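**Q** Here you go, one structure.
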Amino acid sequence: MTQDKGKGFGFGLGKIKELQEAFQKAQQVQAGAQQLQQELEEMNIEGYSDEAKAVTVVMSGNQEPRQVTISPDAMGNSPEALSELVTAAMKDAYAKSTETMRERMEALTSGLNLPGM
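Letter by letter, the sequence shown follows residues 1145 to 1261 in our numbering.
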């Protein structure tokens, strides 16, 4: 009766190396995500109500509202029309902010083959 020695738990050196590489990549992504969070927080992304920029909304890259600017021309609108202009500018700033965040996350995780990304 021979006993197989040295086989461990079925993990070869190759598997251990893969696990180490995966752990290192995870650490890199975590550090990159923290840096990205800071960058997004410091960004100012402008959204506009229309081509004339009657209303401008500024948000951070994390969708934090920062400022609303209403042009003198826009002030002559009815309250309902002004509300629509502000809403349009907010939606534009939000869309730009979301797209920026998505692009930055894709750049951070590119080549890592992470599930769900």
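Ideal Cβ positions, reconstructed from N, Cα and C, are used throughout, including at glycine. Computed from a predicted structure; not experimentally measured.
Keeping to the same chain, check which residues put their C-beta closer than 6 Å to that of Glu1190; ignore five residues upstream and five downstream.
**A** Residue mapping note: residue 1190 aligns to position 46 of the sequence shown, counting from 1. Correct list, in chain order: Thr1200 and Val1202.
**Q** Exposed or buried, which one is Arg1248 when buried takes at least 16 other CB atoms within 10 Å?
**A** Position 104 of the sequence shown holds residue 1248. Under this definition Arg1248 is a buried residue.
**Q** Ignore the nearest five residues each way along the sequence and tell me which others in Pro1209's own chain have a CB closer than 6 Å to its CB.
**A** In the sequence shown, residue 1209 corresponds to position 65, counting from 1. Result list for Pro1209: Met1203, in chain order.
**Q** Which class does Pro1216 belong to by DSSP, given the choice of helix, strand or coil?
**A** Here residue 1216 refers to the residue found at position 72 when the sequence shown is read from its first residue. Reduced to three states, the DSSP call for Pro1216 is coil.
**Q** Return the CA-CA distance between Asp1217 and Glu1250, expressed in angstroms with no decimal places.
**A** What you label residue 1217 is simply residue 73 of the sequence shown in a count that begins at 1. What you label residue 1250 is simply residue 106 of the sequence shown in a count that begins at 1. Taking the straight line from one Cα to the other gives about 40 Å.
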